[in-house]
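Same order as they appear, the protein sequences are chains A and B.
Numbered as in this note's numbering, the first sequence ends at 907 without a single skipped number.
Numbered as in this note's numbering, the second sequence ends at 907 without a single skipped number.
By construction, the Cβ of each residue, glycine as well, lies at the ideal position given by its N, Cα and C atoms.
A quick note: this is a predicted structure, and the numbers were derived from the prediction, not measured.
To keep things clear, I will list the structure first and then write my remarks on it.
Protein chains: 2
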Amino acid sequence: MPASATSPSRRERLRAQTLAEIREHAYAQIAHGGPTALSLNGIAKAMGMSGPALYRYFASRDELMATLVTESYEDLADTVDAAAEQARGRSAEQRLRIALDAVRDWALKAPYRYRLVFGSTYGSGELDPERIIPAAHRPMSVILAALSDIDAGSGQGTVSDPVLRRQLKGWAENTNEAHHDPGVLLLGLTAWTRMHGILSLEIEGIFTQMGIDPERLYQAEINQLIAQRSGRR
Amino acid sequence: MPASATSPSRRERLRAQTLAEIREHAYAQIAHGGPTALSLNGIAKAMGMSGPALYRYFASRDELMATLVTESYEDLADTVDAAAEQARGRSAEQRLRIALDAVRDWALKAPYRYRLVFGSTYGSGELDPERIIPAAHRPMSVILAALSDIDAGSGQGTVSDPVLRRQLKGWAENTNEAHHDPGVLLLGLTAWTRMHGILSLEIEGIFTQMGIDPERLYQAEINQLIAQRSGRR
DNA sequence: TATCTTAGTTAGGACATATAACAACACAAC
DNA sequence: GTTGTGTTGTTATATGTCCTAACTAAGATA
């Protein structure tokens, strides 16, 4: 086995290529028929290979699924990070809007991936916490930073419930966000649950059915978060 | 075939009993292993029957799944209606709290059912709109009624965005809720998305993982909805 | 060149959905 | 009661998964 530091060998290149092709087909299957439609045999057939061949690349259907989930988690985090990078120098409020819009854009561009990340992950074996936990936290970190930088005009920033305040503190300490005050932490969490509430319903198409544009709901919620943070009314 | 108006025949009783037993096993399977784990053959074996026997009761796995989804929809609606009935005579604010708490209790008691209703319904064939649409709307109706009855103290009740206002109006007309003003409609929708955001994440266990009590988040959101409606701050 | 590793193949077991053909029983009509 | 019909079950079978085992071909390396 050649040192992986050197240029990739022919075999390594081919393997990487095959792996990529497998994932592509896998996403296509899921996009088309949902997680249920993911089939190693189906992918193999689509790639012109025999079924068992794929087991050289993934130990099981579950492992492939877990890979897709983990990858999607990280892709979302990367996307939000990239948006945050792009937004450097803008106002805190603008940075918050850009970050949250990035989440929505990502979700709408690939709803099946959003479902993989936030839906119940049945049949996706174990997810590697070493990769999932950071990926799950990075977007939150961006949101917290932006929220925190918004001028908290007239007070009201604190969390009155002492138990909740302590829980928030504990969470922040575990995730390297202890520098934020509880009000920001709670608002960050709230931002996340509110956005997710809209997005997860939107990608199921329930707003289309109602004739309501979820974009407007989403923006209204963002406006309210900002108002809540800045003490405006 | 005896008239279904008369007392149910022996055959009809047995059939109903078998159907109930099938559904029970089906829910147990889903509760244990997710929608993927639903298996006609498995149910049959658990009931001491041969696989194909179940096809006398459900034409396909998808049809069984669709039945479970529809049934769960209606069960949630019934639960909220029952809570609303129980809460008659209480203050509008209390009625709102009781209704929303009923949703959360229902979701926590049977998360797999909540997922069936609000998750992506892959592999659950067609859902009958004649049953789904009313069931989906009944809880919203309860929420709107309660919200509407809360004193809207200092104005701010209207929806400033004219497009959104028109969309809300259209939705309300299609669902027999045209008597509510746009502010209430928007707040009802917002209540729904916010509650769903928390619940759908809660049942995936992400708050436990963070060491945060979602009950407190839920109540905080309810408080804010009420404050928003009543103009309090 | 000879050997080891990797990537593919076919064969086959365990199970799932689903259909077809058949047996046993309940029920209604005579 | 006997007869005929519809319902509920059975077994057998086709098809399609996941996945393992055993084998082959080809690349990488000594």
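Closer than 7 Å by beta-carbon distance: list the chain A residues that pair up with residue i, in chain order.
i	result
D835 of chain B	R890
Q691 of chain B	Ordered by position in chain A, no residue passes the 7 Å Cβ test against Q691 of chain B, which lies about 30 Å from the chain.
S794 of chain B	G708, R789, G793, E878
W780 of chain B	The contacting residues do not exist; W780 of chain B stays about 17 Å from chain A at best.
Q841 of chain B	G885, I886, D887
T882 of chain B	Under the 7 Å cutoff, chain A gives no residues; its nearest Cβ is about 11 Å from T882 of chain B.
T753 of chain B	Result: empty, since nearest Cβ-Cβ is about 20 Å, beyond 7 Å.
Can residue i and residue j be called in contact, C-beta distance under 8 Å?
i	j	result
A711 of chain A	I717 of chain A	no
R771 of chain A	I886 of chain A	no
A761 of chain B	R769 of chain B	yes
H699 of chain B	M723 of chain B	no
A766 of chain B	I817 of chain B	no
R787 of chain A	Y892 of chain A	no
P709 of chain A	Y796 of chain B	yes
D835 of chain B	R890 of chain A	yes
R764 of chain B	L821 of chain B	no
A773 of chain A	A784 of chain A	no
A846 of chain A	H854 of chain A	yes
G905 of chain B	A819 of chain B	no
Tell me which residues share the same chain as residue i and place their Cβ nearer than 7 Å to its Cβ, disregarding the 5 neighbours each side in the sequence.
i	result
S798 of chain B	D736, M739, A740, V743
K843 of chain B	P856
R868 of chain B	E895
G707 of chain A	none
E695 of chain A	M721
S815 of chain A	E851
S713 of chain A	Q703
L693 of chain A	Y731
Please work out which residues of its chain come closer than 8 Å, Cβ to Cβ, to residue i, disregarding the five sequence neighbours upstream and downstream, and give them in chain order.
i	result
A938 of chain A	Only positions 675 to 907 of chain A appear in this structure, which leaves residue 938 of chain A out of reach.
A727 of chain B	A718
Could you name the residues of the same chain whose beta carbon sits closer than 6 Å to that of residue i, not counting the 5 residues immediately before and after it, in chain order?
i	result
R685 of chain B	none
R839 of chain B	V833, P856
F881 of chain B	P888
G725 of chain A	N715, A718
T849 of chain A	H811
A852 of chain A	A846
P682 of chain B	none
L899 of chain A	A865
Along chain A, which residues have their Cβ under 8 Å away from the Cβ of residue i?
i	result
H870 of chain B	G871, S874, L875
L863 of chain B	I886, L891
T910 of chain B	The structure shown does not extend to residue 910 of chain B, since chain B is modelled only from 675 through 907, so no value can be given for it.
T741 of chain B	What T741 of chain B touches in chain A: nothing, since even the nearest Cβ is about 18 Å away.
T832 of chain B	Here the premise fails: no neighbours, minimum Cβ distance about 13 Å.
Starting from the beta carbon of residue i, find every residue of chain B whose beta carbon is closer than 9 Å, and list them in chain order.
i	result
L838 of chain A	I886, D887, R890, L891, A894
Which chain B residues sit within Cβ distance under 8 Å of residue i?
i	result
G797 of chain A	G708, T710
Anything in chain B within Cβ reach of residue i, meaning under 7 Å, just list it in chain order.
i	result
G857 of chain A	Those do not exist, as G857 of chain A stays about 12 Å from chain B at its closest Cβ, beyond 7 Å.
Counting only Cβ pairs nearer than 9 Å, list the residues of chain A close to residue i.
i	result
G844 of chain B	M884, G885, I886
Does the contact criterion of 3 or more C-beta pairs under 8 Å hold for the region 784-797 of chain A versus the region 872-888 of chain A? Three or more Cβ pairs drawn from the region 784-797 of chain A and the region 872-888 of chain A lie within less than 8 Å of each other, which places the two stretches in contact.
| Three or more beta-carbon pairs under 8 Å between the region 802-814 of chain B and the region 740-758 of chain B, yes or no? | Contact holds: three or more Cβ-Cβ distances are below 8 Å.
*Enumerate, from N- to C-terminal direction, the unbroken alpha helix (DSSP H) stretches of 4 or more residues contained entirely within the region 799-878 of chain A.*
If we require 4 residues or more, the alpha helix (DSSP H) runs fully inside the region 799-878 of chain A come out as 803-823, 836-848, 856-876.
### Query
When the Cβ atoms of the region 851-864 of chain A are set against those of the region 719-732 of chain A, are three or more pairs found closer than 8 Å?
Judged by Cβ distances under 8 Å, the region 851-864 of chain A makes no contact with the region 719-732 of chain A, as fewer than three pairs qualify.
Give the list of continuous alpha helix (DSSP H) stretches no shorter than 4 residues that lie fully inside the region 681-719 of chain A. With a minimum length of 4 residues, the continuous alpha helix (DSSP H) runs that stay inside the region 681-719 of chain A are 684-707.
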